[in-house]
Every structure is written in structure tokens, then in C-alpha cells.
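Reading through the C-alpha cells given below for one structure.
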Amino acid sequence: MAADEELCPMDDTPTYALDEQAQRAAGLPDAIGPYRILGLLGEGAMGRVYLAHETHPPRDVALKVMRGLSGHALERFRREIDLLGQLEHPGIVRLYAAGEDLVGGLPSPWFALEVVRGPDLHGYLEQTAPDLRTRIALLAKLARAVDYAHRRGIVHRDLKPSNILVDEHGQPKILDFGIARLRGEEGGQMTQAGQVMGTLPYMSPEQLAGNARDVDARSDVYALGAIGYELFSGQLPHPRLSTASLFEALDIVQRGTPEALGRINRSARGDLDLVVMKALAGEPAQRYDSAVAFADDLEAVLESRPIRARAPTRAYRTSRFVRRNRALSAALAVVFVSLLAATAISTLAARRATAALAEAQARANELAAVNGFVENMLTEADPEMGGSADMPMRQVLERAEQTLGVHRAIPRTDGQVALLLARTWSGLGESRKAQDLLDRAQPWLDAGFGADSAEAMGARLTRAENMARAEDPDEALRLARDLEQRLVKVDLLWAQEMAFKARILRAQELEALGSVDEAIALDRQLLADPALAKRVDRAEVTDGLRHNLAFALNNSGGSLEAEGLLRATLASESARLGPDHPQTLYTKKTLGQSLHRQGRLQEAVSLYAEVYAKRRQRYGEDHLLTLNSGSQLAAAYNSLNRPAEAEPLLRRALAVRKTRGDDAGQGALVDRVMLASTLAKMKRYDEAIVLADEAIAMELGKPNRDSVMARNVKASALLDMGKALEAKRLWDEAIRLAGTTMAADHPNYYVFVANSARGDIALGDLQTARRKLELALTALKSKQGSNHPRTRETAQRLAETYDRLGMQAQAAALRSEFPVEVRE
Numbered sequence: 001m002a003a004d005e006e007l008c009p010m011d012d013t014p015t016y017a018l019d020e021q022a023q024r025a026a027g028l029p030d031a032i033g034p035y036r037i038l039g040l041l042g043e044g045a046m047g048r049v050y051l052a053h054e055t056h057p058p059r060d061v062a063l064k065v066m067r068g069l070s071g072h073a074l075e076r077f078r079r080e081i082d083l084l085g086q087l088e089h090p091g092i093v094r095l096y097a098a099g100e101d102l103v104g105g106l107p108s109p110w111f112a113l114e115v116v117r118g119p120d121l122h123g124y125l126e127q128t129a130p131d132l133r134t135r136i137a138l139l140a141k142l143a144r145a146v147d148y149a150h151r152r153g154i155v156h157r158d159l160k161p162s163n164i165l166v167d168e169h170g171q172p173k174i175l176d177f178g179i180a181r182l183r184g185e186e187g188g189q190m191t192q193a194g195q196v197m198g199t200l201p202y203m204s205p206e207q208l209a210g211n212a213r214d215v216d217a218r219s220d221v222y223a224l225g226a227i228g229y230e231l232f233s234g235q236l237p238h239p240r241l242s243t244a245s246l247f248e249a250l251d252i253v254q255r256g257t258p259e260a261l262g263r264i265n266r267s268a269r270g271d272l273d274l275v276v277m278k279a280l281a282g283e284p285a286q287r288y289d290s291a292v293a294f295a296d297d298l299e300a301v302l303e304s305r306p307i308r309a310r311a312p313t314r315a316y317r318t319s320r321f322v323r324r325n326r327a328l329s330a331a332l333a334v335v336f337v338s339l340l341a342a343t344a345i346s347t348l349a350a351r352r353a354t355a356a357l358a359e360a361q362a363r364a365n366e367l368a369a370v371n372g373f374v375e376n377m378l379t380e381a382d383p384e385m386g387g388s389a390d391m392p393m394r395q396v397l398e399r400a401e402q403t404l405g406v407h408r409a410i411p412r413t414d415g416q417v418a419l420l421l422a423r424t425w426s427g428l429g430e431s432r433k434a435q436d437l438l439d440r441a442q443p444w445l446d447a448g449f450g451a452d453s454a455e456a457m458g459a460r461l462t463r464a465e466n467m468a469r470a471e472d473p474d475e476a477l478r479l480a481r482d483l484e485q486r487l488v489k490v491d492l493l494w495a496q497e498m499a500f501k502a503r504i505l506r507a508q509e510l511e512a513l514g515s516v517d518e519a520i521a522l523d524r525q526l527l528a529d530p531a532l533a534k535r536v537d538r539a540e541v542t543d544g545l546r547h548n549l550a551f552a553l554n555n556s557g558g559s560l561e562a563e564g565l566l567r568a569t570l571a572s573e574s575a576r577l578g579p580d581h582p583q584t585l586y587t588k589k590t591l592g593q594s595l596h597r598q599g600r601l602q603e604a605v606s607l608y609a610e611v612y613a614k615r616r617q618r619y620g621e622d623h624l625l626t627l628n629s630g631s632q633l634a635a636a637y638n639s640l641n642r643p644a645e646a647e648p649l650l651r652r653a654l655a656v657r658k659t660r661g662d663d664a665g666q667g668a669l670v671d672r673v674m675l676a677s678t679l680a681k682m683k684r685y686d687e688a689i690v691l692a693d694e695a696i697a698m699e700l701g702k703p704n705r706d707s708v709m710a711r712n713v714k715a716s717a718l719l720d721m722g723k724a725l726e727a728k729r730l731w732d733e734a735i736r737l738a739g740t741t742m743a744a745d746h747p748n749y750y751v752f753v754a755n756s757a758r759g760d761i762a763l764g765d766l767q768t769a770r771r772k773l774e775l776a777l778t779a780l781k782s783k784q785g786s787n788h789p790r791t792r793e794t795a796q797r798l799a800e801t802y803d804r805l806g807m808q809a810q811a812a813a814l815r816s817e818f819p820v821e822v823r824e
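Listed below in C-alpha cells is the structure:
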């Protein structure tokens with residue numbers, strides 16, 4: 001029997017997430033600037049907003065592209081870029097980059113924004129129907145984001161529900177600064193005298209009047225008040241504005257007064273009514289003088305603290321305090337404690353505001369530093385800067401890495417830059433380089449953000465994923481488990497999401513270490529997790545989990561179930577991503593493994609060859625993904641008794657691994673075992689035994705399923721050389737170790753049993769050989785079917801053994817069930 005018919009190389013790390021979030025819509029451009037277009041998010045008179053994907057760093061963006069090229073429109077578009085570039089706040093959509101490209105043959109400026117996974121404010125209210133307290137908190141967050149812009153001299157001038165998106169965590173995000181204005185700027189620069197810009201129902205009286213010089217931060221406070229009025233009452237302060245002309249609108253606002261909020265919504269009576277109506281005051285001087293003052297009062301309503309919208313009399317302060325502390329009834333204690341509380345709260349609020357400002361400024365500085373680093377890195381290839389137009393990406397990255405920590409003394413910035421470079425190297429298949437950078441990034445991120453921050457935890461997840469790519473499952477599993485333990489202590493949504501990813505990685509590495517049953521149980525648990533149904537990326541995560549489960553089933557004898565899972569995954573990924581997407585190709589390769597294990601060798605080879613050819617074209621000859629798919633193709637050639645075609649693929653894989661310094665990893669071990677089997681098929685037994693011994697030595701005292709397979713290959717070579725006793729001893733060892741390194745029902749276990757019967761036959765122990773072959777045949781029929789080559793070969797050997805034992809009836813029955821056929 002061939003020793004390695006089902007030996008499969010260490011595969012790419014199974015993934016659960018996708019590079020793209022939507023199928024490319026018909027008629028859209030393939031790419032704009034450095035972004036690949038995935039779909040259309042929106043369209044207006046001046047341009048389009050696309051969903052696009054950036055490769056480095058890997059992320060989706062909202063790409064806003066200008067359609068018209070009028071001087072005024074272009075100036076406004078560029079102005080929005082300039083303003084957004086100054087803003088870095090959780091409540092404002094983040095600007096990533098800007099540029100210009102040819103779209104439809106015309107030069108079109110663009111800028112890339114953060115993608116917000118959620119509806120606009122009206123959609124959020126319809127979908128979630130939040131309670132009053134949640135709405136108040138949301139408006140307070142909006143006001144603080146607006147205040148952040150104001151403190152940088154920017155007045156939005158077009159705040160409205162459609163310009164506010166709400167993400168999956170309930171965080172509002174302001175967008176569209178197209179008509180925003182800088183403090184102190186003359187009205188004629190962007191707004192002509194008397195010109196009215198904005199949306200009527202949310203515009204302040206001075207904005208409606210076209211008095212550009214009178215429009216300041218208090219105009220945005222008015223818009224916030226109008227949004228709040230609608231949030232709490234379900235209608236606009238001036239409902240007629242939604243259908244009025246400009247002149248009618250000005251008359252409505254100047255002559256009319258909105259109905260008191262508390263009359264429309266009884267739950268809003270009292271302080272909330274006062275706060276919103278103060279923001280909506282017709283005269284700017286009667287409104288809050290800043291958005292942060294409005295936010296402070298909204299939070300005071302939530303906490304039953306005194307608000308600034310009314311005179312803070314002693315009786316009023318006392319009533320607020322009693323409401324919060326009903327158990328205290330002594331008047332003197334109430335007054336005394338309330339004064340202390342007011343002092344403490346004021347101090348805390350001041351500290352909180354100062355801390356928020358410092359954090360926002362740090363984020364802005366950090367973004368500028370990271371962007372500057374990336375810009376410098378990319379301009380290294382500019383010939384005028386001493387570079388070369390054809391400088392390879394690897395050289396660019398190496399030169400960039402040399403500057404780490406040289407020009408900056410900000411740990412969080414250096415940490416993020418090092419993490420960016422590490423992820424890039426990892427994506428290029430250079431796991432060792434990536435690990436060195438991750439070792440440098442981790443302490444910087446821990447110091448800059450805190451060891452329990454999302455940034456620091458994310459770096460730990462990247463370390464674990466990189467160790468998986470580096471084919472070090474022990475370390476990857478240790479890191480994944482450590483991360484899960486750390487995340488248990490963090491009760492935040494991002495931590496739950498990261499913990500889910502860590503569990504997926506843990507299942508992958510358990511499978512890689514031979515704990516296949518445990519991996520399968522965890523994969524099934526993840527697929528059944530109720531949280532999966534609520535995810536925005538449910539389809540891609542489900543596909544990834546099905547893929548991982550199928551991968552594990554392939555290594556436990558469940559190739560039929562695996563085939564069904566993979567075909568469903570392949571159909572989904574082909575529709576979402578396209579037939580040549582890296583993830584789709586990976587699924588095709590894993591499907592090939594399922595067919596390989598079922599003996600459908602020609603189908604398997606067709607899939608392997610397709611994946612190998614497309615990876616060579618996409619990544620080049622020496623990329624890890626290309627090498628792995630070449631090794632898989634070589635395994636199929638061996639199964640088809642075509643070792644001469646397998647040998648060059650395996651030798652190239654080993655040579656490239658040696659050049660990279662990865663000659664001692666799990667992938668190199670697998671390639672050695674497969675090359676040893678290939679050489680044995682070519683009767684080059686001495687070479688085969690040398691390679692098998694090298695593979696066994698690489699286990700360093702801890703056998704795994706591949707090093708056990710090396711024993712099987714060596715034993716087959718020894719037997720063919722006439723050394724039956726040595727071969728039998730080695731097979732006995734392989735069978736014993738297989739019980740601890742692979743699933744109890746793994747097909748390879750029964751391959752070892754059937755192969756060891758050859759040694760028994762050579763030594764004349766026909767009864768022992770018969771029992772082993774009967775056991776192996778029953779198991780292989782069940783797991784791989786009667787038509788699988790190894791099943792048929794086992795049946796033929798058993799029939800020959802029956803003949804030698806004089807059991808002709810049993811031999812005839814077996815030959816009738818398994819007639820001799822010509823192998824391809």
C-alpha cells in the first residue's frame with residue numbers, strides 16, 4: 001500500500017472573516033485610487049459614495065467621489081477634506097485619505113472615510129425604538145462631538161438626522177462637513193452674502209436670514225435642539241418647515257414659537273423640556289453658549305443633577321438631591337451632602353472634559369504621525385528621494401522599519417506603526433519578520449493605551465494569528481487562550497467580538513495539534529452561538545466557521561459531511577467574493593481534500609491544480625500560500641502513482657522554506673514526509689529514509705500526526721528493502737503513537753494498521769495480518785467508501801491473505817465485492 005495516499009500538507013490558517021463586505025455591483029468601477037470598489041452606498045447631485053476596500057491597512061472605507069467639476073463645487077469638496085482632516089473624535093466620521101483619479105474618463109477628486117455599520121438617526125429610531133434615557137444619552141454624545149469641532153473653530157451648519165449615522169454600539173457619528181465654516185472666516189469665501197445653506201427644519205433664524213457673519217457655534221446648538229425636539233416628541237419644532245419655501249420658513253421661525261416639548265411628551269416634562277427649549281431659543285444670546293453646556297445639562301437630566309437652564313436656587317438643588325437620595329430625610333444632612341456632591345460633581349465634570357480634550361488631541365496627533373509615517377514610507381520609492389520607481393514592497397517595508405522609534409517618542413504611535421508593518425509582513429507570508437515587529441509593538445501599545453485596551457488586545461490577537469501562519473500551533477494556542485482569559489475581564493462589545501475571534505483561532509489550533517474532536521466540538525458550538533445571528537457580517541463568519549469545521553472533519557474521517565459544508569460555503573463565497581478571491585480558492589482547495597479522501601482523485605487534482613495556478617499568478621512562486629497548494633497537488637500526484645510530477649513541487653517548497661529560515665517548522669516537516677513517500681514510490685529508498693529520519697527528529701520529543709506518518713513512510717521503505725523486522729517494530733510504534741496524536745477514528749490510523757499487516761505477512765504471521773486487515777477494511781469502508789483506492793487495496797491484500805490461509809470462500813466473496821480494476 002502507498003504510504004502517503006492521504007498525507008495532506010499543513011494548510012493555510014482557516015479564516016473566519018472576509019476582505020470584502022458586499023458583492024461588486026454591476027456597472028461600478030473596479031477601482032478608484034488605491035481602493036477596490038465593492039458597492040454603492042449613496043448618490044447625490046454632486047457625486048457618489050462607494051463602499052470600497054483598502055489593502056494596506058486592510059479595511060473597508062466609504063469613498064466619496066465628486067462627479068461635477070464646477071469651480072465652486074470643487075472648492076467646497078476640497079474644503080470638506082481640509083476640515084475633516086482636523087477632526088479626530090469618536091462622534092465624527094474619520095477621514096483616512098484623499099486624492100484624485102480618472103473615473104469614467106474624467107478627473108474626479110475623492111476622499112476615503114470610515115465606514116459606519118449602521119443607519120442614519122431616523123433609521124436607528126425606527127429599527128431600535130430606544131427608550132427616553134437612551135435618546136437623551138445619544139443627544140449628549142452628539143453635542144460633545146459638535147463641541148469638539150467648535151473648539152477647533154469649525155461650525156457644521158447642516159446638522160440633521162440624515163447627516164448622523166449610528167453604529168452597532170449606539171455611537172452617533174456626524175458626517176458631511178461640506179458647508180461647514182471656520183471661525184473668523186469671511187462669509188464671502190464660501191458663502192455669498194445673503195446665501196442660505198443648510199436644511200430648513202434644522203436651521204437657526206440667523207442662518208435662515210442669510211446672515212453668514214452671525215452664524216456661529218450657537219447655530220449648531222439650535223440644530224441640536226431641533227434634533228432633540230424631534231427625538232423626544234416625534235415631530236419637528238416647526239412642522240410646517242418641511243414643506244415651506246425659504247421666505248415662508250423665515251416668517252414661521254421669526255413669528256412662531258415651538259410648542260413646549262413637555263406638552264407633546266409628558267415624559268419630557270420638567271428639566272428635559274427646559275433644556276431642549278433653551279437650545280431652541282430664537283435669539284442666539286438666549287441659547288446655550290456652547291454645545292458642551294447643552295451636553296452637560298442633558299447628562300444632568302440623566303443623573304437627576306441640577307441643570308443650568310434654570311436658576312440654581314437652594315430649594316431646587318435640594319429637590320434634585322432628594323430625588324436622587326430618597327433614603328435621606330434630615331434637612332440639614334440633605335443640604336450639607338448636596339453641597340459636597342455639587343462640588344465633587346463639578347470637579348469631576350471639569351476633569352472629565354479636560355481628559356476628553358486631551359485624549360482627542362492625542363488621537364489627532366497620533367493620526368497625523370501615523371499618516372506622516374505612511375506617506376514617508378511610500379515616498380521612499382520616489383527616484384527624487386533616492387529611491388527607485390520599481391522598488392519592491394519588501395525593500396520599502398525594510399527601509400520603513402529602520403525608522404521605527406527614531407523620530408518619535410510617542411509609544412502609542414510607534415506601537416500602531418509597528419503593528420501596521422507587522423500585519424503587512426504577515427500578509428506577505430513573512431511570519432518571522434512580522435513576529436519581530438509584534439514583539440516591539442506590544443510594549444508600546446500597552447504603555448500608550450493600557451494593557452486592557454482594544455489596541456493592545458488587538459495586537460495580542462495578531463500575534464496569535466501570526467504564530468498560526470508561522471505553523472507554530474502550540475504557541476498560537478497558548479496566545480489565544482491567554483487572550484480569552486484577559487478579555488473575560490473586559491465587559492465591552494469590542495471585547496466580546498475579539499473573544500469570538502480568539503475562540504475561532506483556538507479551534508483551528510486544536511485541530512492542527514491533533515485534538516480534532518475538541519476542535520470539531522468548538523466549531524459546532526461557535527456555529528450555534530446565538531450571537532452569530534445578530535452579526536452584520538453573519539454570512540462571511542458563517543462561511544468561515546463552516547469551512548473550519550469541514551477542515552477538521554476532513555482530518556477525522558468525516559469527509560462526506562465536510563464535502564456538503566464546503567460546497568455550501570463555496571457557493572456563498574463565489575457569489576459574494578467572486579470565483580478567484582483568495583478565500584474562495586482556499587475553500588476549493590479544502591474541497592479538493594474532501595474529494596481526495598473519498599478517492600475521487602481526478603476531481604481533487606483538478607481543484608488543486610486550479611488553485612495552484614491562480615495562486616502562482618496572484619502571489620508568485622515563493623509565497624507560502626503558493627507553496628502549500630503545490631504540496632497539496634503533489635500529495636494528489638502521489639495518490640495517482642505519479643511521483644515524478646510530485647517531486648519538483650516538494651523540493652521547491654523545501655528549498656524556499658530553507659532560504660527563509662523556516663526549515664524547522666511544521667510545514668517543512670510535512671513537505672519532508674511527502675517527499676520521502678515520493679522517493680519511496682520511485683524506489684529511492686535510502687533517500688526516503690534520510691528524509692523520514694529528519695522529519696522524526698524535528699518533533700523534538702513531542703510526536704504529532706505528521707511525524708507519526710514519517711514512521712509509516714520509513715517502515716514501508718524498510719520493508720521494500722527486505723528489513724521486515726525493523727519495519728514491523730516501526731509500525732508498532734506508529735500505531736501506538738497514532739492513538740495519542742490523531743482522532744480515534746482518523747483514516748490514517750487504519751492505514752498504519754493495514755500497512756503493518758504487510759510486515760506480519762513478510763514474517764509469516766498470517767493470522768495477525770488477517771485480523772489487522774479485517775479491522776482496517778471495515779473502518780475504511782465506513783469512512784471512505786468501497787471505491788477509495790486504499791479501501792480496495794486493503795481488500796485485495798486481505799483476499800490474498802485468505803488464499804494463503806486456505807479460506808477460499810472468504811477470498812472469493814471479497815473479490816466479488818471488490819473486483820480488480822486498473823488504477824489510473
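Just so we're aligned, residue 1 is where the sequence shown starts under the working numbering, counting upward by one.
Glycine is no exception: its CB is placed at the ideal position from the N, C-alpha and C atoms.
Going by the DSSP bridge assignment, what does residue i pair with across the sheet?
| i | result |
| --- | --- |
| A66 | Ala is not the amino acid found at residue 66; the sequence shown has Met there. G47. |
| H596 | According to DSSP, H596 bridges with nothing at all. |
| R36 | A31 and H53 |
| V61 | A52 and E114 |
| S108 | D101 |
| V753 | Paired residue(s): none; V753 is not in a bridge. |
| V166 | P172 |
Do you know how far the Cα of residue j is from the Cα of residue i?
| i | j | result |
| --- | --- | --- |
| A832 | G764 | Since the first residue shown for the chain is 1 and the last is 824, residue 832 is missing from the structure and cannot be characterised. |
| G739 | Y749 | 8 angstroms |
| R672 | K658 | 12 angstroms |
| A676 | A799 | 29 angstroms |
| A715 | E694 | 14 angstroms |
| E100 | L40 | 18 angstroms |
| V541 | E621 | 30 angstroms |
| A285 | D214 | 11 angstroms |
| D120 | T128 | 12 angstroms |
| D662 | M721 | 32 angstroms |
| E859 | D517 | Residue 859 lies beyond the range of the chain shown here (1 to 824); nothing can be said about it. |
| R67 | P443 | 46 angstroms |
| A646 | T678 | 7 angstroms |
| L780 | P789 | 10 angstroms |
| P582 | A145 | 40 angstroms |
| P239 | D158 | 18 angstroms |
Taking the alpha carbon of residue i as the point to measure from, which residue in the options has its own alpha carbon closest?
| i | options | result |
| --- | --- | --- |
| N704 | A734, R538 and D686 | A734 |
| R616 | E726, L649, V116 and V221 | L649 |
| T794 | A762, Q810 and V753 | V753 |
| G667 | L560, L607, P473 and T768 | P473 |
| A757 | W731, H746, T778 and M742 | W731 |
| E430 | T791, H623, L777 and G153 | H623 |
| R412 | G759, D446 and R797 | D446 |
| L165 | Q254, G118 and D523 | G118 |
For this session: Starting from the N-terminal side, write out each stretch of the alpha helix (DSSP H) that is 4 residues or longer and does not extend beyond the region 763-800.
Result: Note on the region 763-800: whole alpha helix (DSSP H) runs with a minimum of 4 residues are 766-784, in chain order.
For this session: Decide yes or no for the touch test of the region 517-534 against the region 566-573: beta carbon pairs closer than 8 angstroms, at least 3 of them.
Result: Segments in contact, no.
For this session: Take every Cβ of the region 146-155, pair it with every Cβ of the region 225-240, and state whether three or more of those distances are shorter than 8 angstroms.
Result: Between the region 146-155 and the region 225-240, the count of Cβ pairs shorter than 8 angstroms is below three; the stretches do not touch.
Problem set entry | the region 95-105 / the region 119-133 touching (three or more Cβ pairs under 8 angstroms) | With a cut-off of 8 angstroms on Cβ pairs, the region 95-105 is not in contact with the region 119-133, counting fewer than three such pairs.
Problem set entry | beta strand (DSSP E) runs wholly inside the region 467-533, at least 3 long, in chain order | Whole beta strand (DSSP E) segments, 3+ residues: zero.
Exercise. Are the region 596-606 and the region 631-646 touching, with three or more C-beta to C-beta distances below 8 angstroms?
Worked result: When C-beta atoms of the region 596-606 are compared with those of the region 631-646, three or more pairs fall below 8 angstroms, so the two segments count as touching.
Exercise. Which parts of the region 584-671 are runs of the alpha helix (DSSP H), unbroken and 4 residues or longer, counting only runs that do not cross its ends?
Worked result: Listed in chain order, they are 601-619, 624-639 and 643-660.
Problem set entry | Completely contained alpha helix (DSSP H) runs for the region 718-742, where each covers 4 or more residues | If we require 4 residues or more, the alpha helix (DSSP H) runs fully inside the region 718-742 come out as 724-741.
Exercise. Does the region 518-528 come close enough to the region 479-493 to have 3 or more Cβ pairs within less than 8 angstroms?
Worked result: No: the two stretches stay apart, fewer than three of their Cβ pairs being nearer than 8 angstroms.
Exercise. How about the region 465-482 and the region 507-516: do they share at least three Cβ pairs that are nearer than 8 angstroms?
Worked result: Here the region 465-482 makes contact with the region 507-516; the two share three or more CB pairs at distances below 8 angstroms.
Exercise. Would you call the region 284-298 and the region 248-259 in contact, with 3 or more CB pairs under 8 angstroms?
Worked result: As far as the Cβ criterion goes, the region 284-298 does not touch the region 248-259, which means the pair count is below three.
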